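As structure tokens, the structure follows; a few thoughts come after it.
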Amino acid sequence: MKSPTATPAQAVQADYKTAADLAAVLPLTAAVSDAGHLTIAGIDMVTLAREVGTAVYVMDVLHIRTQLQDYRRWMSYHWDDIDVIYAGKAFLSRSMARLVADCDCSLDVSSGGELAIALAAGFPAARIYSHGNNKTTTELIECLDAGVGHIVVDSFEELQRISDLASERDQQQAVLLRVTPGIEADTHDYIRTGAEDSKFGFGLNQGLALSAVKRALELPGIIYDGLHMHIGSQIYALNSFAAAIEVMADFMLHIREELGADTAILNTGGGLGVAYGVPDDPASIKDYGKVVVDGIKEACELRGLKTPRIAVEPGRSVVANAGVTLYTVGTIKEIPGIRTYVSVDGGMTDNIRTSLYQAHYEAFIANKADQPRTVTATIAGKHCESGDIVVSDGPLQPARVGDILCVPATGAYCQSMSSNYNKQVRPGVIWVENETWRWVVRRETYDDLLSCDVG
Ligand code: LLP
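The working numbering applies: residue 1 is where the sequence shown begins, and numbers increase by one.
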């Protein structure tokens, strides 16, 4: 965990940027009002924050919809048999599941809990892909009960378990097999998943993945429908995907030659990176779609294979920049010559990413959004850890107690990874669209905290 060291605060300079200069990390409909306040979908974020209380996550519905539609548009531009599967682990609620269905996308669930939310939203089970390197027997039964379209199988034990359960019930379950293509994606170690040394999936070395396909073809109750890979998350270098696709195409050929089987679906996982900071320059969905779809089509043609249905599984790039977190500044501590701590009413319980991955975020004062960031400050949380930092030494407008502080790009992996540490109640999630707002997840209460405490 990276806690701020006692380097002079001046190490990071004020950058004189206003919120208008931070568009790359903000939701599509973000703007600055005449009063100098941040607005999203035409709603004044300062007024909203003061009305509903902080901390609170706010998400721009148009932004989420645009990202999902862009994925569908740019994937189908190159090939018509595609599936865009939103990865619910980035952020999931019933409204989110319904929006995914409205956009004609499928859904990746990675636990029984995510499946339960999807089903409660009425999400069509046939369009669900169930994931996880150790799905419990209960979770597998829940998948079979619901009739999920695909289970993405991670291990021989799981394959056997699904076969046993499906056979007992006289069901046929379609599966994809998760393969680790041995590609070292250029990202943080904790979110890199496609390398040979990984807890996920079947490795290609020692013929494990081929044996898995053979087993899937033989076992009763199992329909082998294709392959899955996921090389990691927050990836900027599209050539990591291109390299993994070549490996997968070689494997598809191997399956054809050795087992005489076709691979109907190739799911290349998620992973497209997003901008967290102003200088970040991730690849576009358009370029990503071209690399994935053209890459697979060309690789298949070259090997004389039928081009499969091409599926991608984006999470972060759909929701990250749709969301912001609004906090209220509670205390300000200036340590002369060292740094200024601006403490907010949240922290590592609503955004663990800074302490877990040394993630970088921008921050600005939502009620001074038109003013330049002329000072350097560390945004600290309210929890009992020195590592409870949201932004280390970043540029900020001069802060006053009571200001509303905005941290952009918190729509992915913040609410979904939030915790009740220090018995903090988790913030709610507000969706804004066309000048209206509504809660999609309400803020927790102390009663919620006590509801599982049975005495
Ligand atoms: N498919 C599978 C099988 C995955 O494991 C993941 C993410 C995705 C799709 C979606 O990947 P995305 O498009 O979001 O990169 N908590 C970390 C990220 C962990 C990602 C886990 N798997 C973070 O906050 O950076």
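From the three backbone atoms N, C-alpha and C, an ideal C-beta is built for every residue, glycine too.
Values in this document were obtained by computation on a predicted structure and should not be read as measured data.
Check this for me: beta carbons of residue i and residue j, under 9 Å apart or not?
i	j	result
P408	P27	yes
G347	V319	no
G277	V25	yes
A299	I365	no
R457	G270	A question about residue 457 goes unanswered here, because the residues of the chain that appear run from 1 up to 455.
S77	S106	As written in the sequence, residue 77 is Tyr, which differs from the Ser given in the question. No, the Cβ-Cβ distance between Y77 and S106 is not below 9 Å.
A116	G88	no
G330	V401	yes
D83	I310	yes
L266	M248	yes
S343	G381	yes
Y57	L68	no
S157	G112	The residue asked about is misnamed: residue 157 is Glu in this sequence, not Ser. No, Cβ-Cβ distance for E157 and G112 is not below 9 Å.
L219	S163	yes
A369	C414	no
H254	R178	no
Y16	P395	yes
A20	V32	yes
V61	G428	no
R65	D102	yes
L159	A212	yes
A14	T378	no
F251	L217	no
D345	T54	yes
R256	L305	yes
P336	T374	no
Closer than 6 Å by C-beta to residue i: which residues in its own chain qualify, once you throw out the five before and the five after it? Chain order, please.
i	result
A243	I183
E444	V425, R426
E334	T340
V152	Y129, H131, L176, R178, H228
T354	I389, V390
K2	Confidence at K2 is low in this model, with a pLDDT of 35, below 50, so its placement is unreliable and the value that follows should be read with caution. Here the set comprises Q358.
G289	W74, M75
S110	K89, H131, G132
T29	I40, A41, D60, L62
With a threshold of 7 Å on Cβ separation, who are the neighbours of residue i within its own chain once the five nearest residues in sequence on each side are excluded?
i	result
A120	R94
G411	M59, F91, V319, A320, N321, A322, G323
P308	G226, T263, A264, I265, L266
K214	L259
A174	G149, H150, I223, D225
K199	N133
D104	R72
L144	L165, A166, R169, Q171, Q173
Grab me the residues of residue i's own chain with a C-beta within less than 8 Å of its C-beta, minus the 5 sequence neighbours each way, in chain order.
i	result
T137	R161, L165
A126	G147, V148, G149
H383	G347, M348, T349, Y421, N422, Q424
L208	F202
V292	M75, F241, I245, T268, I310, V312
A49	V56, L326, T328, A366, I404
M45	H37, L38, T39, V58, V324, L326, A366, I404, C406
A301	The residue asked about is misnamed: residue 301 is Glu in this sequence, not Ala. So the qualifying residues of the chain are T307.
A275	A24, V25, D281, P282, N321, A409
By DSSP's criteria, residue i is part of a beta bridge. Which residues make up the other side?
i	result
S130	V109, I151
L38	V32
E334	T340
A358	Looking at the sequence itself, residue 358 is Gln, so the reference to Ala does not match. None, per the DSSP bridge assignment.
L177	V153, L227
F364	C406
L326	V56, C406
N321	Looking at the DSSP assignment, N321 forms no beta bridge with any residue, so it has no partner.
F202	V179
D83	A311
A377	G394
D44	T39
I389	A380
Comparing the C-beta of residue i with each C-beta of chain B, is any distance below 9 Å?
i	result
N321	Included in the structure is just one protein chain, with no chain B present.
What alpha helix (DSSP H) runs, 4 residues minimum, are completely inside the stretch 410–455? The qualifying runs are 446–451.
Do three or more CB pairs link the stretch 282–293 to the stretch 223–241 at distances below 8 Å? yes
Is there contact between the stretch 429–441 and the stretch 355–364, where contact requires at least three CB pairs shorter than 8 Å? no
Enumerate, from N- to C-terminal direction, the unbroken alpha helix (DSSP H) stretches of 4 or more residues contained entirely within the stretch 208–289. The stretch 208–289 contains, as complete alpha helix (DSSP H) runs of 4+ residues, the segments 208–218, 238–259 (chain order).
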